[in-house]
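Okay, structure first, notes after.
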Amino acid sequence: MSEHSPGMFVERKVEIVDLPFPDDALLLHPERVMVRVAGHVHDIGAYCYASRSPKKRNANGCKEVELQSLQTDRISQVRELIRILSKFITVGGLRPHTVFLRCEFLKDLMDWADCYGHGQCLAGGASTRDAYRLYAAHVENGYRRQLFGSTNAFQKQKINLQILEALTGLTDLAKGIRLVRKNSRESLGTEPANLHDFAHALALNEALFKGLTDLVLEQKPFPYRVQMPASLGWEQNHLWVFPYTQWFQSPKHQGPIEATRNIYDYRDGHLAQENAIWPLFKGKTKKTKLNNARRRMERTQQTLIGANENGRSFFRLRLASVAFDSFGFLFLANTGVNLQTLLDIQTDDPISESTANQGYRVIKWRAGGKVVDVVVPVGFMPTLRRFMELRRYMLDGVACPYLLLTRGNSYAKTPVKANPQFLQCSYRMLRRIDPELPQITSRKIRATVSAWYISQHDASVTAKVLQNAPATTLRNYNAGTVTDQVVEMTLVLQTIAQKAQTMVVSADNVAEGAKTLNDGGVCSSFGQPQPLFDNPPLEPTCKKGCLFCSKRVLVAGEDDARKVASAAFLMRRLIGGPMSHAEYLPLIQKCEEDLANLAAFEGCAETVNRVKKDVYENGNLTQYFADKYQLFLALGVL
């Protein structure tokens, strides 16, 4: 993507094409096409131009391009590219959301190609081979520079490889190329939400779902008061709801009518008084302003009366849609299901009062077509039954198989499966109620549910609830919260400080034939390790280190002080790189304990302090650890 002056870029005529489309559909002007998939619009046609603006385009807007940079030979290539994206859905069986993600990775490839002079990357043959080889090297270089992780790098290379092979018919583009491999150790799994934040988000969604559902189904009149949770800390824990674009206002933004310029009094739940708002209206005289205010008040009053008389007014349908989003959060939190699984649930049957646990069966396509069973807990059944009433209201006799659905921004279109972005939309709305509310994604909800089940049961039970293999549950949803990790690490370090007291002797008292250790100290029983205490952070095996072996004896003097300090120095550098604090912090703490024991030995305090300064500040390590340090540097680990 060329870096020209912004003044050279202009908008062009475009048309939106929905994916998928029929195979025989005509694409007369690919350079104008913007594809819409999974509710997102991608300007694929802009790839026909070599010079595209680096400025981010507006939502559903086209990319600005330099018109003179149109590449006529790429028009047919882009036409076929659009068809390939459509066939990923119709023939390849990919979800629209998956194709949307592929369009995102395709953009990375095309921007790189036009920036570095590989405009023929879609042409096939040697041009595509050379371009992909260099692109793969570009991605690997970004990974080595830690611009992104191995998973992102793998997806950039693999997904664009699949797109190019499908487009050009080549089958061996990756031959001779070392692709980045995904490293599962890079990710410690999704961290559960803070329990207070999670409970607060649950309370907010429960309050909105219950209040707005009552308003809609029981035909409550506007203005309507929705009771809110006490965790908000408001003086009066409620919101007044009005049939208006801004249907509520948080107390934090409420103030005198004269200051807020609102026709509605969101604080006390009624229309504003005429004598309070007339100065806000335009007019040369007070009489003109009063007349304008009176007319506005009359129109607002008519809107209020109309919304109260019409059981299916636009405003009630809108608030029903908000309740739908809140229910989606509650369903995820109570069942722990994957977001896509929730969106795929189909049902048209009413729930019998005798049903204690409602179950749904869904095909999990990304798990090879595995059938998963979603069971709703007993305690959530009243909420589910109430939602089914709201769902019937929303459908109004129109058929739709999906549990969660949407009817568009007008709330009157043909109902379709809910958009995966509903949680983000709901979060933005909740932030208007509580600006301090942290975002809790579907994965974080799932991780929080997993953390609770693991704390109460074990991985096998948790995996059954989450419909995963136990190994997947432990890898992806067992990270634990930051608070849990801090508490756990504190307990570990306290245990080390209390129990890991390695013996220190003078050089004259070293047993004859004792083996000298690289980590500091000597051992007269090498090959027969014995832990200092139960379950040490590093189990001594005579091959993986001797820090926590009871047979290890430190020798008072400069040699052992430098060995121990060198080990701590290297481990601190590893923490600064790819290694985790949880893995190395206990070992560093043990080294510091050993140095303190050496310093406490008679006549060694000054020597230990001098050695520590020389190692930590000047990097003067022992030969053993200096060689390790250089090796890690050469491998790019540090």
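Note that the working numbering gives residue 1005 to position 545 of the sequence shown, counting from 1, and the numbers run on in steps of one. All C-beta atoms in this analysis are idealised placements derived from N, C-alpha and C, irrespective of residue type, glycine included.
- In the three-state scheme derived from DSSP, where H, G and I count as helix and E and B as strand, residue 975 is classed as strand.
- For residue 875, DSSP records no beta bridge to any residue.
- By the Cβ-count criterion, residue 993 is exposed, with fewer than 16 other Cβ atoms from all chains shown falling within 10 Å of its own Cβ.
- Assigned with DSSP and collapsed to three states, residue 637 falls in coil, not helix or strand.
- Between residue 979 and residue 664 the beta-carbon gap is near 53 Å, outside 8 Å, which marks them as no contact.
- A check of alpha carbon separations from residue 683 across 618, 765, 693 identifies 765 as the nearest.
- A contact between stretches requires three or more CB pairs, one per stretch, nearer than 8 Å, and the region 674-683 meets this requirement with the region 850-866.
- Secondary structure remark: continuous alpha helix (DSSP H) runs of at least 4 residues inside the region 882-906, in chain order: 882-893.
- Residue 820 sits away from residue 838, with the two beta carbons spaced by 7 Å or more.
- The beta carbon of residue 672 sits closer than 8 Å to those of 686, 701, 779, 780, 782, 783, 786, all from its chain and outside the five residues before and after it, given in chain order.
- Within the region 480-561, the alpha helix (DSSP H) runs of at least 4 residues that lie entirely inside it are, in chain order, 532-550.
- Sequence-distant Cβ neighbours of residue 1084 in its own chain, meaning closer than 7 Å and more than five residues away, are 978.
- In the DSSP assignment, residue 762 falls within the unbroken alpha helix (DSSP H) covering 746-769.
- Beta-bridge partners assigned by DSSP to residue 806: 862.
- Taking the CA atoms as reference points, residue 651 sits about 60 Å from residue 748.
- Secondary-structure assignment with DSSP links residue 687 through a beta bridge to 698.
- Taking 7 Å as the cut-off, the Cβ atoms of residue 1014 and residue 1075 do not count as close.
- The three-state reading of DSSP puts residue 475 in strand, counting E and B together.
- With fewer than 16 other beta carbons inside 10 angstroms of its own, residue 681 counts as exposed.
- Within its own chain, the residues whose Cβ lies closer than 8 Å to the Cβ of residue 967, once the five positions on either side in sequence are excluded, are 1015, 1016, 1017, listed in chain order.
- Straight-line spacing of the CA atoms in residue 986 and residue 1050 works out to 20 Å.
- In the displayed model, residue 983 falls within a strand according to three-state DSSP.
- Note that the C-beta distance between residue 900 and residue 845 is not below 7 Å.
- C-alpha of residue 867 to C-alpha of residue 760: approximately 26 Å in a straight line.
- Selection 709, 906, 1073, 582 evaluated against residue 623 yields 582 as nearest (Cα-Cα).
- Linking residue 799 to residue 984 through their CA atoms gives a straight-line distance of about 59 Å.
- Three or more beta-carbon pairs drawn from the region 878-892 and the region 488-499 are found closer than 8 Å, and the two stretches are therefore classed as touching.
- Beyond the five residues adjoining it in sequence on each side, residue 872 comes within less than 8 Å, by CB distance, of 777 in the same chain, given in chain order.
- Burial check for residue 709: the Cβ neighbour count within 10 Å reaches 16 or more, so the residue is buried.
- Closest in C-alpha terms to residue 536, from the list 488, 550, 573, 513, comes 488.
- Here residue 850 carries a helix assignment [DSSP, helix/strand/coil].
- Taking all protein chains shown into account, residue 705 has fewer than 16 neighbouring C-beta atoms within 10 Å of its C-beta and is therefore exposed.
- Judged by pairs of C-beta atoms under 8 Å, the region 512-525 does not touch the region 545-563, as fewer than three such pairs exist.
- Excluding the 5 residues flanking it on each side, residue 603 has same chain C-beta neighbours closer than 7 Å at 610, 613, 640, in chain order.
- The bridge partners DSSP lists for residue 963 are 1013.
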